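Reading through the structure tokens given below for one structure.
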Amino acid sequence: MTVLEVIQRSAEFLARKGVESPRLQVELLLAHLLEMPRMKLYLNFERVLAESELKNLREAVKRRGNREPLQHILGTTNFCGYDFAVNRHVLIPRPETELLAERAWKFLSMRNGQPATALDFGTGSGCLAVTLAIKCPTSQITALDISNEALDVARGNAARQQVLNRIEFHLGDGFQALPLAKKFDLVIANPPYIPSAEIESLEVEVRDHDPRHALDGGEDGIKFYRTLAEQSQKWLAENGVIMMEFGEGQADSIRKIFETQMWIVEAVERDYSQRERFLIARKS
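Mapped onto the numbering used here, the consecutive letters of the sequence shown carry residue numbers 1416 to 1699.
Here it is in structure tokens:
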């Protein structure tokens, strides 16, 4: 079977399974298995695949047809131009979170080369912590997560990007897991924000494959923002800032939570689709 034939047949199979962009998904899987850029497939449409290649592709396509995320099958995803390992223990980074990362590294870079400190609250794959370490080489980053398995993934990603020596990892449920003497110029967070009752209605790829603790934001979806508003000020240095991602329709509630705790809310910013997505607040 040729490259073109297997792409067409596999795409038809994925379409029947309800997978979005089925041809693109197949092309990405095949390019990964053949270890070539996706666009190079177009120059090799007549190539006949070996039986071992067909077997591996069939297995991968079957997994995708069962709605396992493409990123889990590939084992990696791209975030801010860097490859990050992902698996069932961590939330797959979303494209909009890149905007949060960019806003954060610009803030840290404004210190004119002076050492800065940042806490990634709920680091997951480490995509935010590692990206900040790469973009801000004079900064020291702390990464916190409740899951030891997630921290293993984050450490691996830090090692892959050669910034392991500049990220301090802590296991625990919230700020109490940190050394008492710690102070940060920046706290960055993309906490769980899906209301508990809505999780079952999410896409299969998210509902069944992202870790539940990385999705469930409690009854109203904003319980972690209450924790951040109530507890993070004492961990911030003078003029310290917190930057957070949140879900659709949550901006007003989260703003009120922070203002009630005497934060100065500096901005509510939008994502690529012009939805309110990020809140930036300063220690009062």
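We treat Cβ as the ideally placed atom computed from N, Cα and C, and that holds for glycine. Note that the structure is predicted; figures quoted are calculated from it, not measured.
Within 8 angstroms (strictly less), CB to CB, does residue i reach chain B?
i	result
Thr1492	Judged by its chain identifiers, the structure shown contains no chain B, having just a single protein chain.
Taking just the CA atoms, how far does residue j sit from residue i?
i	j	result
Phe1590	Ser1647	8 angstroms
His1585	Glu1564	12 angstroms
Ser1436	Leu1485	11 angstroms
Gly1434	Glu1618	Note that residue 1434 is Val in the sequence shown here, rather than Gly. Cα to Cα, the separation comes out at about 10 angstroms.
His1504	Ile1669	27 angstroms
Gln1576	Ile1609	30 angstroms
Val1578	Ala1500	15 angstroms
Met1451	Tyr1497	17 angstroms
Lys1521	Tyr1640	23 angstroms
Arg1570	Glu1660	23 angstroms
Ser1554	Phe1599	11 angstroms
Gly1664	Ile1614	16 angstroms
Pro1626	Glu1420	36 angstroms
Cys1542	Ile1603	12 angstroms
Lys1506	Lys1597	The amino acid at residue 1506 is misidentified as Lys; the sequence shows Leu. Spanning the two alpha carbons is a distance of roughly 26 angstroms.
Ala1652	Ser1611	34 angstroms
Leu1464	Gly1655	56 angstroms
Asn1572	Leu1515	19 angstroms
Going along the chain, which residues of its own chain have a beta-carbon closer than 6 angstroms to the beta-carbon of residue i, five neighbours each way excluded?
i	result
Ala1544	Asp1535, Thr1538, Ile1556, Ala1558, Ile1582
Asn1459	Val1418
Ala1548	Ile1556, Val1578, Arg1581, Ile1582
Ile1561	Asp1588
Ala1531	Leu1523, Ser1554, Asp1600
Only counting the same chain, and skipping five residues up and downstream in sequence, which positions put a Cβ closer than 8 angstroms to that of residue i?
i	result
Glu1427	Pro1437
Gln1676	Ala1644, Glu1645, Gln1648
Gly1662	Tyr1608, Ile1609, Gly1632, Gly1636
Ala1592	Leu1559, His1585, Leu1586
Whose CA, out of the options, lies closest to the CA of residue i?
i	options	result
Leu1443	Ile1488, Leu1595, Pro1508	Ile1488
Ser1524	Asp1623, Asn1471, Lys1550, Met1454	Lys1550
Thr1512	Ala1573, Asn1481, Lys1598, Ser1540	Ser1540
Lys1698	Trp1650, Pro1606, Glu1684	Trp1650
Thr1546	Arg1526, Val1421, Ala1574	Ala1574
Glu1517	Cys1495, Leu1566, Glu1461	Cys1495
If you drop the 5 nearest sequence neighbours on each side, which residues of the same chain put their C-beta closer than 7 angstroms to that of residue i?
i	result
Leu1456	Val1418, Glu1442, Leu1445, Ala1446
Val1680	Arg1670, Phe1673, Glu1674, Leu1694, Ala1696
Leu1448	Glu1468, Asn1471, Leu1472, Ala1475
Gln1440	Leu1429, Val1434, Arg1479, Leu1485
Have a look at the DSSP bridge pairing and note the partners of residue i.
i	result
Phe1599	Leu1651
Asp1535	Ala1558, Ile1603
Tyr1497	Phe1494
Glu1615	For Glu1615, which the question treats as bridged, DSSP gives no partner whatsoever.
Met1658	Ile1603, Ile1695
Phe1584	Ala1558
Val1683	Leu1694
Asp1631	Ile1609
Thr1417	Val1463
Would the C-beta of residue i count as close to the ligand GDP, meaning under 7 angstroms from any of its heavy atoms?
i	result
Lys1638	The ligand GDP is not among the ligands present in this structure, which contains no ligands whatsoever.
| request: Quick one: which unbroken alpha helix (DSSP H) runs of 4-plus residues sit fully inside the segment 1457 to 1483? Chain order, please. | output: Qualifying alpha helix (DSSP H) stretches, in chain order: 1466 to 1480.
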